Amino acid sequence: MGEAERLEGLPGPPHKLMRMSDARDALRQQIKDKAVVHGKVTLSSGREADYYIDLRRITLDAEAAPLVGQVMLDTTADLEYDAVGGLTLGADPVATSMLHVAAARGRRLDAFVVRKAQKTHGMQRRIEGPDIAGRRVLVVEDTSTTGGSPLTAVEAAREAGAEVVAVATIVERGAASAIADAGLAYLPAYSLADLGLS
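Heads up, the sequence shown is in the numbering used here, so the first residue is 2 and it goes up one at a time.
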């Protein structure tokens, strides 16, 4: 059965799921049109830049979010994992987009959220969602300049007993060496060059 036949009739948005190359092209254009903001900005890493890639304009957008799920699942298709998540807030909509598209494809994929600090009340959990102890997990982020956010999530996931198989981001903005230095596979869906940025 071909990809088009496999995707027909699946639940989801009216545009249904697209072929991998079509979804990649469509998401790339959405990012360029909606998320790239030019002007001096200070990034979460403390570095200054001449533009900002505001991926929440994509990951929280009704048209673009399903594309995020498709592209990220396709980017990580060669990996075996059964849960996806990362440090709140950038990772949260990425993980939930992947969860929903996986369900539309007939695959079970749980999501989890890593808090920036452990709760001091209630269950006092650092990681919310289904238990990830003993599970193979993928850590995601919308974009990363230094690798700080995804590596914080990796550490928390490992402390919770998970096996982290890789880190994946929508846009690679400079974190590749830090993630490689941590001994992790790194799978960005797009480079800055893919978006016409440097």
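Using N, Cα and C, we set each Cβ at its ideal position, and we do this for glycine too. Just so it is clear, the structure is predicted and the values come from calculations on it, not from any experiment.
Using beta-carbon positions only, say whether residue i and residue j come within less than 8 Å of one another.
i, j, result
"Ala78", "Gly87", "no"
"Thr153", "Arg174", "no"
"Thr144", "Ser98", "no"
"Ile180", "Val168", "yes"
"Ala190", "Val72", "yes"
"Ala63", "Gln31", "no"
"Arg29", "Asp195", "yes"
"Arg126", "Ala157", "no"
"Ser46", "Gly91", "no"
Whole-angstrom Cβ separation of residue i and residue j, contact assumed at under 8 Å?
i, j, result
"Val114", "Leu100", "Not quite, the Cβ-Cβ distance comes to about 12 Å (not below 8 Å), so this is no contact."
"Leu110", "Asp83", "6 Å"
"Lys35", "Gly197", "Actually they are not in contact, since the Cβ atoms of Lys35 and Gly197 sit about 14 Å apart, beyond 8 Å."
"Ala134", "Gly162", "3 Å"
"Gly70", "Val38", "Contact flag wrong, Cβ pair sits at about 23 Å."
From residue i to residue j, what does the alpha carbon distance come to, in whole angstroms?
i, j, result
"Ser22", "Val42", "32 Å"
"Glu49", "Gly148", "16 Å"
"Pro67", "Gly123", "33 Å"
"Leu215", "Ile171", "Residue numbering for the chain in the displayed model covers 2 to 199; residue 215 lies beyond these limits and cannot be assessed."
"Arg20", "Thr121", "45 Å"
Reducing DSSP to helix, strand and coil, say where residue i ends up.
i, result
"Ile133", "coil"
"Gly70", "helix"
"Leu28", "helix"
"Gly149", "helix"
"Ala92", "helix"
"Asp79", "coil"
"Glu156", "helix"
With three or more C-beta pairs closer than 8 Å as the rule, is the region 131-141 touching the region 46-54? no
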